[in-house]
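Taking full-length UniProt numbering, I'd label the letters of the sequence shown as residues 1 to 498. What follows is a short report on a single structure.
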Amino acid sequence: MHQKSLTELRAALDGKEISASELAQIYLQRIEAAKDLNAFISVDRDLTLAQAKAADALIAQGNAGPLTGLPIAHKDVFVTRDWASTAGSKMLENYASPFDATVVERLGRAGMVTLGKTNMDEFAMGSSNENSHFGAVKNPWDLKAVPGGSSGGSAAAVAARLAPAATGTDTGGSIRQPASFTGITGIKPTYGRVSRFGMIAFASSLDQGGPMAQTAADCATLLNAMASFDERDSTSLQREDEDYTRYLGQRWSGDDAAKPLAGLRIGMPKEYFGPGLADDVRAAIDAALKQYEALGATLVEVSLPKTELSIPVYYIIAPAEASSNLSRFDGVRYGHRAAHYTDLLDMYKKSRAEGFGPEVKRRILVGTYVLSHGYYDAYYLQAQKIRRIIARDFQEAFSHCDVIMGPVAPTVAWNLGEKADDPVQMYLADIYTLSTSLAGLPGMSVPCGFGAGANAKRPVGLQIVGNYFNEARMLQVADAFQRATDWHQKSPSAPAGV
């Protein structure tokens, strides 16, 4: 049962093959047996089974919706009333939220059963899930490898079949990159589609929540429940709700059933296929693009000339916003407070020094520097100007194509500890995802193969980028690929004890 997608589990629940309570118990047992992956921070069996029992009652009454009774795990960046809300940090290790994040609230209202809170890079700052106060997460495909970050716990949980779906957040690639590294599907919607209310902030103009699951169809169903206007979030976009599943299984144009994507123009940015892209990743991406051609799509070369600048731009803007957002953690109102201090200023210093990890401190320092007098115009303001140019470059590219495709990351997952002492190398690994986030565009990763040689067990993800508010079409394109291939159905060997 744990190998089934959300769509298949829905059919099993509706067909009375299994109850929501039995299903929850299956996943809880798997989570307990796979503790070595360190994918979860917080699990509460009684709370989960209480939710499952309530879902069973709704199903028995005939009041079940598309998601009623289906299990989900939440990234620990979303605050929750009943589970821990830590953001992977010592600073919030003992924080108990008095309310649920909008994403958690909406999925709960849809009848989903929470399995627990997943591990993550501290305050969502990282690309490997090694920055968590609660320890690194392991990649279930290869326990020596990172799962990606910052949503590494969610990605590992779905890949290891500890949960059929999970929530994640993407600031500069934190849904797409771990989805790629663990062989699952994940989507970052257009900025503003999913409410940030109750999402512990990293960089407010970049953070965006999204679903992670086995298939594009599952992600579309989850997005239906997650995406809606929220008046409590000032960055939430006021648009009519839409059905993100509406194009699934349909042809792009024409009547040729053998060519369901005839008429689709796929843009291939030349900057994504240059030096730095590993040969095994390129081979998997090339094979995926050939499959798209077989489905009727046409490949078009496009250019995103400011791709290289996305790294310095992101690592000026994101730390600047982090510096501002994390100033609230001062040891006064909530969060970690140092046990010993002499005065108020000493309490501030010691509480923040003890509560934040090295990567968070690094980004706070960088952000404070670029916002300081004399450097704001030289760094932060210039970065914002280039950000606008990056967004304009995407619009020029979309005048020649319908979607953009390429790799999610230059390599497959690297080994645990390999880049821990070189943060710049870690930052460079985000080169293909940062520009999409800076532009606020929707993007996703779908599994399309594996590495080669020593990396033969490490997955590769194909990145699909759509234009603003084009999630439904983007999901249609991903779904067509998954109907023609089986990469999304592959799962790693069961972790020890499962």
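Glycine included, every Cβ here is placed at the ideal spot set by N, Cα and C.
Could you give the first and the last residue of the continuous beta strand (DSSP E) run that contains residue i?
i: residue 525; result: Outside the modelled stretch of the chain, which goes from 1 to 498, sits residue 525, for which no answer is possible.
i: Ser-42; result: 40-42
Per DSSP, which residues does residue i bridge with? Please list them.
i: Leu-299; result: Ile-266
i: Thr-114; result: Ile-72
i: Gln-208; result: Asp-170
i: Gly-443; result: Lys-188, Val-465
i: Ala-159; result: Partner(s): none; Ala-159 has no beta bridge.
i: Pro-407; result: Leu-462
i: Phe-78; result: Met-199
i: Phe-123; result: DSSP lists no partner for Phe-123.
i: Ala-320; result: According to DSSP, which records beta bridges pairwise, Ala-320 is partnered with nothing at all.
i: Asp-422; result: None, per the DSSP bridge assignment.
i: Gly-449; result: Val-460
i: Ala-145; result: Asn-415
i: Ala-165; result: Ala-213
i: Asn-139; result: Asp-142
i: Val-313; result: For Val-313, which the question treats as bridged, DSSP gives no partner whatsoever.
i: Val-194; result: Ala-227
How would you call residue i, buried or exposed, if buried means at least 16 neighbouring beta carbons within 10 angstroms?
i: His-373; result: exposed
i: Thr-342; result: exposed
i: Gly-186; result: buried
i: Ala-11; result: exposed
i: Arg-176; result: buried
i: His-400; result: exposed
i: Phe-99; result: exposed
i: Pro-178; result: buried
i: Lys-35; result: exposed
i: Glu-359; result: buried
i: Pro-319; result: buried
i: Ser-180; result: buried
i: Gln-238; result: exposed
i: Tyr-27; result: buried
i: Tyr-376; result: exposed
i: His-340; result: exposed
i: Gly-116; result: buried
i: Lys-306; result: buried
i: Leu-416; result: buried
i: Pro-164; result: buried
i: Lys-138; result: buried
i: Ala-227; result: buried
i: Pro-140; result: buried
i: Leu-381; result: exposed
i: Leu-344; result: exposed
i: Asn-129; result: buried
What residue does the alpha helix (DSSP H) around residue i start on, and which one ends it?
i: Phe-181; result: 176-182
i: Ala-57; result: 45-61
i: Asp-36; result: Premise fails: Asp-36 is in no alpha helix (DSSP H) and is neither H nor E.
i: Glu-105; result: 102-109
i: Arg-10; result: 6-14
i: Leu-475; result: 471-484
Is residue i near the ligand FAD - that is, is its Cβ less than 6 Å away from at least one heavy atom of it?
i: Tyr-380; result: Within the structure as shown, the ligand FAD is missing, as the structure has no ligands at all.
In chain order, which continuous runs of the beta strand (DSSP E) of length 3 or greater are located wholly inside the region 356-402? As summarised for the region 356-402, there are no continuous beta strand (DSSP E) elements at least 3 residues long confined to that stretch.
So, do the region 248-261 and the region 293-304 have three or more beta carbon pairs nearer to each other than 8 Å? yes
Could you tell me which uninterrupted beta strand (DSSP E) segments, each at least 3 residues in length, are contained entirely in the region 213-295, listed from first to last along the chain? Runs of the beta strand (DSSP E) inside the region 213-295: 265-269.
Under 8 Å: do the region 123-131 and the region 139-149 share three or more Cβ pairs, one atom per stretch? yes
Below 8 Å, how does it come out for the region 186-196 and the region 458-471: are there three or more Cβ pairs, yes or no? yes
Meets three-Cβ-pair contact criterion under 8 Å: the region 36-43 and the region 152-159: Touching, yes, given that three or more Cβ pairs across the two stretches are closer than 8 Å.
Cβ contact (3+ pairs, closer than 8 Å) linking the region 329-341 and the region 272-292: no
Say whether the region 284-291 touches the region 481-495, bearing in mind that this needs 3 or more beta-carbon pairs closer than 8 Å, one atom from each stretch. yes
Indicate whether the contact test is met: 3 or more Cβ pairs, each with one atom in the region 434-442 and one in the region 391-400, closer than 8 Å. Judged by Cβ distances under 8 Å, the region 434-442 makes contact with the region 391-400, as three or more pairs qualify.
Would you check if there are 3 or more beta carbon pairs closer than 8 Å linking the region 356-371 to the region 400-415? no
Quick check: the region 416-428 against the region 472-481, are at least 3 beta-carbon pairs closer than 8 Å? Short answer: they don't touch.
Are the region 76-92 and the region 56-65 touching, with three or more C-beta to C-beta distances below 8 Å? no
Should the region 64-84 be called in touch with the region 198-212, which here means at least 3 C-beta pairs below 8 Å? yes
Determine contact between the region 126-140 and the region 199-210, defined as no fewer than three beta-carbon pairs at a distance below 8 Å. No contact exists between the region 126-140 and the region 199-210.
For the 8 Å Cβ check, are there 3 or more pairs between the region 308-318 and the region 383-392? Remark: three or more beta-carbon pairs, one from each stretch, lie closer than 8 Å, so the region 308-318 and the region 383-392 are flagged as touching.
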